[in-house]
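Chains as they are written, first to last, in this note's numbering: chain A, 16 to 206; chain B, 850 to 981.
C-beta: ideal position from N, C-alpha, C; glycine also.
As the structure is a computational prediction, the values presented were derived from the model and not from experiment.
Below: one structure, written as structure tokens.
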Amino acid sequence: YSFFDGKPRWPEGTEELTYAFDPDNGLDDTVKGVFSNAFKRWAEVTTISFSEASSYAVADIRIGFYSGDHGDGEPFDGVLGTLAHAFSPTNGMFHLDQEEDWVATGDVTQASVSNAVDLESVAVHEIGHLLGLGHSSVEEAIMYPTISAKTRKVELADDDIEGIQVLYGSNPNYTGTPSTSRENDSSDGVR
Amino acid sequence: RLFPNVSSIPNWNSSHVPPAGAWNAYLNFTGCSRGKAYDGLSNLKIYFHYFGYIPTAPPSNFTDDFDDELEEAIKTYQKNFNLNITGELDDATMQQIVRPRCGVADVINGTTTMNSGKSNTTSTPKFHTVAH
């Protein structure tokens with residue numbers, strides 16, 4: 016695991032972060048539920064919980080789908096390439112490339128398009144950045160920078176858990192699970 | 850496009866060709882070697898600059914030359930991604946480069962704590978003592 020330069024994190028004592036979706040995207044409950052699941056994966060292992068805010072303007076974390084140049088100096092590049100990006104604490108911006116073929120639920124490895132991207136897999140990764148984690152060289156880690164199309168990788172690896180617990184400590188209810196029981200799958204066998 | 854379920858993706862007919870990935874063209878650089886120039890290689894330098902492997906952009910544009918700076922960037926990239934450190938655009942490296950990824954840089958302000966930013970653990974002591 017790694018941290019951003021200067022090891023930025025949410026302020027000491029932060030117990031809950033709120034998130035909201037750009038209202039212009041008009042996301043349905045299924046899609047919002049995917050993000051909720053992704054947040055839960057981090058909340059299970061550390062001391063911060065997440066809840067959806069009623070107002071986009073005041074949320075700690077602001078989620079939106081955009082294409083091309085969307086005003087933050089980090090333009091998206093169309094199909095595949097860069098899938099999403101998020102900023103270090105306490106910026107809170109989480110942007111996804113609107114031009115991808117995002118799949119919210121179901122077995123993405125069976126998608127009929129070769130460029131289908133599993134939404135939850137990318138969401139779990141970007142939330143790691145929002146909390147302060149950088150990229151990892153551990154291929155099994157969520158914070159590994161690349162992910163193939165038609166691949167699902169949503170379970171935090173030991174490397175991710177250790178990293179986030181260095182920043183915020185461990186959830187008192189977290190007991191740990193064997194990495195062999197985790198759900199990471201790929202259509203091409205790449206993990 | 851955002852499909853609520855994988856089964857909601859339309860069944861394309863046989864003539865449907867999925868769009869090429871944003872970086873697929875980089876595969877044409879597989880096997881390129883240092884000291885030569887290749888049309889469009891500057892785009893690959895922009896890629897390495899974007900993700901932090903080439904720290905500073907030139908005053909004008911990147912050249913198409915396979916120079917020392919690009920070779921160093923490739924070596925750092927290969928170390929970060931557990932590839933053989935050759936400094937060459939071999940097939941394994943190119944396949945990794947074109948893979949979809951997060952837009953956050955791997956190297957920020959010239960530093961990284963991915964593999965390339967870590968010291969060789971084999972040369973560090975296994976334990977240390979503290980005087981009281």
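Start-to-end residues for the beta strand (DSSP E) that takes in residue i
i, result
"Glu135/A", "Counting along the chain, Glu135/A falls outside any beta strand (DSSP E), though it belongs to the alpha helix (DSSP H) covering Leu134 to Leu146."
"Leu938/B", "Unbroken run through Leu938/B: none, as it is neither H nor E."
"Tyr34/A", "Glu31 to Phe36"
"His150/A", "Run containing His150/A: none; DSSP gives neither H nor E here."
Residue i, enclosing alpha helix (DSSP H) - first and last residue
i, result
"Glu170/A", "Neither: Glu170/A is in no alpha helix (DSSP H) and is coded neither H nor E."
Under the three-state DSSP convention, the category residue i falls into
i, result
"Ile76/A", "strand"
"His85/A", "coil"
"Leu42/A", "coil"
"Ser185/A", "strand"
"Ile957/B", "strand"
"Asp122/A", "coil"
"Asp92/A", "coil"
"Asp174/A", "helix"
"Phe878/B", "helix"
"Lys975/B", "Note that Lys975/B scores 49 on pLDDT, short of 50, meaning its location in the model is unreliable and no value can be drawn from it."
"Phe50/A", "helix"
"Thr62/A", "coil"
"Phe102/A", "coil"
"Glu27/A", "coil"
Beta-bridge pairing of residue i - partner residues as DSSP gives them
i, result
"Thr97/A", "Arg950/B"
"Glu67/A", "Tyr34/A"
"Leu851/B", "Trp117/A"
"Ala886/B", "Asp914/B"
"Met158/A", "According to DSSP, which records beta bridges pairwise, Met158/A is partnered with nothing at all."
"Ala131/A", "Asp116/A"
"Met108/A", "Arg77/A"
"Phe18/A", "Leu148/A"
Exercise. How about the region 183-190 of chain A and the region 93-110 of chain A: do they share at least three Cβ pairs that are nearer than 8 Å?
Worked result: Verdict: no, contact absent.
For this session: Give, in chain order, every residue of the region 128-144 of chain A whose Cβ lies closer than 8 Å to some Cβ of chain B.
Result: Within the region 128-144 of chain A, the residues whose Cβ lies closer than 8 Å to some Cβ of chain B are Val128, Ser129, Asn130, Ala131, Val132, Leu134, Val137, His140, Glu141 and His144, listed in chain order.
For this session: Give the residues from the region 78-98 of chain A that approach chain B closer than 8 Å (Cβ to any Cβ), ordered along the chain.
Result: Within the region 78-98 of chain A, the residues whose Cβ lies closer than 8 Å to some Cβ of chain B are Phe80, Glu89, Phe91, Asp92, Gly93, Val94, Leu95, Gly96, Thr97 and Leu98, listed in chain order.
For this session: Taking a Cβ distance cut-off of 7 Å, strictly less, list which residues of the region 882-911 of chain B are near chain A, in chain order.
Result: Under the 7 Å Cβ criterion, the region 882-911 of chain B contributes no residue.
For this session: Pull out every residue of the region 918-939 of chain B whose Cβ sits closer than 9 Å to any Cβ of chain A, in chain order.
Result: Cβ contacts with chain A come from Lys928, Asn929, Phe930 and Asn931.
For this session: Assess, as a yes-or-no matter, whether the region 899-908 of chain B is touched by the region 953-964 of chain B under the definition of 3 or more beta carbon pairs within less than 8 Å.
Result: When C-beta atoms of the region 953-964 of chain B are compared with those of the region 899-908 of chain B, three or more pairs fall below 8 Å, so the two segments count as touching.
Problem set entry | Contact set between the region 148-174 of chain A and chain B, restricted to residues whose Cβ is under 8 Å from the partner | Residues Gly149, His150, Ser151, Ser152, Glu154, Pro160, Thr161, Ile162, Ser163 and Ala164.
Problem set entry | Residues within the region 104-127 of chain A neighbouring chain B, beta-carbon criterion of under 7 Å | Hits within the stretch, in order: Asp116, Trp117, Val118, Ala119, Thr120, Gly121, Asp122, Val123, Gln125, Ala126 and Ser127.
Exercise. Using 8 Å as the Cβ pair cut-off and three pairs as the minimum, do the region 83-90 of chain A and the region 931-947 of chain B touch?
Worked result: Using a C-beta cut-off of 8 Å, the region 83-90 of chain A makes no contact with the region 931-947 of chain B, since fewer than three inter-stretch Cβ pairs fall below that distance.
For this session: Mind the definition here: the region 913-925 of chain B touches the region 882-892 of chain B only if three or more C-beta pairs lie below 8 Å; say whether that holds.
Result: Counting Cβ pairs under 8 Å, three or more are found: they touch.
Exercise. Looking at chain B, which residues of the region 26-37 of chain A have a Cβ within less than 7 Å of any of its Cβ atoms?
Worked result: Cβ contacts with chain B come from no residue of the region 26-37 of chain A.
Exercise. Within the chosen definition, does the region 50-68 of chain A reach the region 916-926 of chain B through at least 3 CB pairs nearer than 8 Å?
Worked result: The region 50-68 of chain A vs the region 916-926 of chain B: no contact.
Exercise. Are at least three pairs of beta-carbons, each pair with one atom in the region 23-33 of chain A and one in the region 142-161 of chain A, less than 8 Å apart?
Worked result: Below 8 Å, enough C-beta pairs join the region 23-33 of chain A and the region 142-161 of chain A to call them touching: three or more.
Exercise. With contact counted as at least three CB pairs below 8 Å, one residue from each stretch, are the region 162-179 of chain A and the region 123-131 of chain A in contact?
Worked result: Proximity of the region 162-179 of chain A to the region 123-131 of chain A meets the contact definition, three or more beta-carbon pairs being nearer than 8 Å.
Exercise. Is the region 76-83 of chain A in contact with the region 97-117 of chain A, if contact means three or more CB pairs nearer than 8 Å?
Worked result: With the cut-off at 8 Å, the region 76-83 of chain A and the region 97-117 of chain A touch.
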